[in-house]
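Just so you know, this note's numbering puts 272 at position 4 of the sequence shown, and the rest follows in order with no gaps.
Every residue, glycine too, gets a C-beta built ideally from N, C-alpha and C.
What you are looking at is a predicted structure, and each value in this text was computed from that prediction instead of being measured.
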Amino acid sequence: MHGLYILISCFLILFGSKHTSGLEWSEGDILFQDGDCGDFCEAIRKVTVGYQGRDFSHNGILTNENGEWYVLEAISKGVSKTPLEDFLNRDMDVNGNPKIIVGRLKAKYRHLIQDALVHASSLEGKPYDAYFDLNNDAYYCSELIHLSLQKANEGIPVFQIYPMTFMDPDTMEPFDIWVTYFNKLGIDIPENEPGLNPGGMSTDPALTIIYDFTKR
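Printed below as a string of structure tokens:
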């Protein structure tokens, strides 16, 4: 499923993390995470095929401030700037490796990164987009990255947008967890509304996957 589940001064710095081995981080790198968030993540995974068939339920974009690495991300408390090491430590596999792959924008888009990061940073503190609506002043994870790059690209999307689906492919009925979720919000399930998701973005032709922490 494609859907819900959104003057370059970049420089390369070797990050001395216990998790990295030869990876050179670059501003604008997009980190795709297989998060552990229960039934919500399972519903996302079931309808989303990510890079090499992997499951991803979250993503964020890398920035550097005063020599320190952070991930700009939209999480439940809103748009946040999280220390990279904290982001990496959030969800581990059985071998103690972060369940994360790293994507890097292709050369034709890299001139957009600095303006995109400025915009994403300006949104810090904005609420999480519980409605998955691309037109409000709230943001979910993929939406934050998508809209920041789109703004830097003079309104032209960098990532492809697809209709969202909240249907269980086995039953062709909405997942129970989404029925409950949207009932509590008092809105209809936004089936087929435009959106993005981490899995779909991980396969987008705008970027190249450069590192997989689970295969170090």
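For residue i, does the three-state DSSP call read helix, strand or coil?
i	result
Arg-322	coil
Leu-391	coil
Thr-471	coil
Asp-361	coil
Arg-372	strand
Ile-274	Since pLDDT at Ile-274 reaches only 34, below the 50 mark, its modelled position is unreliable, and the value read off the structure follows with that caveat. Coil, per DSSP.
Glu-484	Note on residue identity: the sequence assigns Arg, not Glu, to residue 484. Three-state DSSP puts Arg-484 in coil, outside helix and strand.
Tyr-377	helix
So the candidates are the options; which of them puts its Cα closest to the Cα of residue i?
i	options	result
Lys-376	Tyr-449, Val-426, Ser-389	Val-426
Asn-460	Pro-442, Asn-363, Ala-342, Ser-410	Pro-442
Gly-393	Tyr-399, Asp-405, Gly-321	Asp-405
Asn-357	Ile-424, Arg-372, Ser-390, Gly-303	Gly-303
Glu-348	Gln-320, Ile-413, Ile-457	Checking the sequence shown, residue 348 turns out to be Ser, not Glu. Closest option to Ser-348, Cα to Cα, is Ile-413.
Cys-305	Gly-290, Phe-324, Asp-438, Val-447	Phe-324
Leu-391	Glu-411, Pro-458, Val-362	Glu-411
Arg-484	Ile-445, Ile-369, Asn-403, Leu-402	Ile-369
Asp-485	Val-339, Lys-345, Ala-388, Asp-444	Any property of residue 485 remains undetermined from this structure, which presents the chain solely from 269 to 484.
Val-386	Leu-352, Leu-340, Pro-366, Gly-371	Leu-340
Asp-438	Ala-311, Cys-409, Tyr-338	Ala-311
Asp-401	Phe-355, Lys-367, Pro-431, Thr-448	Pro-431
Give the DSSP bridge partners of residue i, in chain order.
i	result
Val-386	Answer is none; Val-386 lacks a bridge partner.
Thr-476	Arg-372
Pro-366	Met-360
Inset, instruction - Would you mind listing the alpha helix (DSSP H) stretches within the region 426-463 that are 4+ residues and don't spill past its ends, in chain order? - result: 444-453
Inset, instruction - Please confirm if the region 315-334 is in contact with the region 452-468, defined as three or more CB-CB distances below 8 Å between the two stretches. - result: yes
Legend entry - Residue ranges of each alpha helix (DSSP H) within the region 287-352, 4 or longer: 307-314
Legend entry - Segments of 3+ residues assigned as beta strand (DSSP E) that fall wholly inside the region 397-424: none
Inset, instruction - Check whether the region 369-383 touches the region 414-434, counting contact only when three or more Cβ pairs, one atom from each stretch, lie closer than 8 Å. - result: yes
Legend entry - Touching by the beta-carbon criterion (3+ pairs, under 8 Å), the region 290-306 and the region 469-483: yes
Inset, instruction - Examine the Cβ distances between the region 451-459 and the region 324-340 and report whether three or more of them are shorter than 8 Å. - result: no
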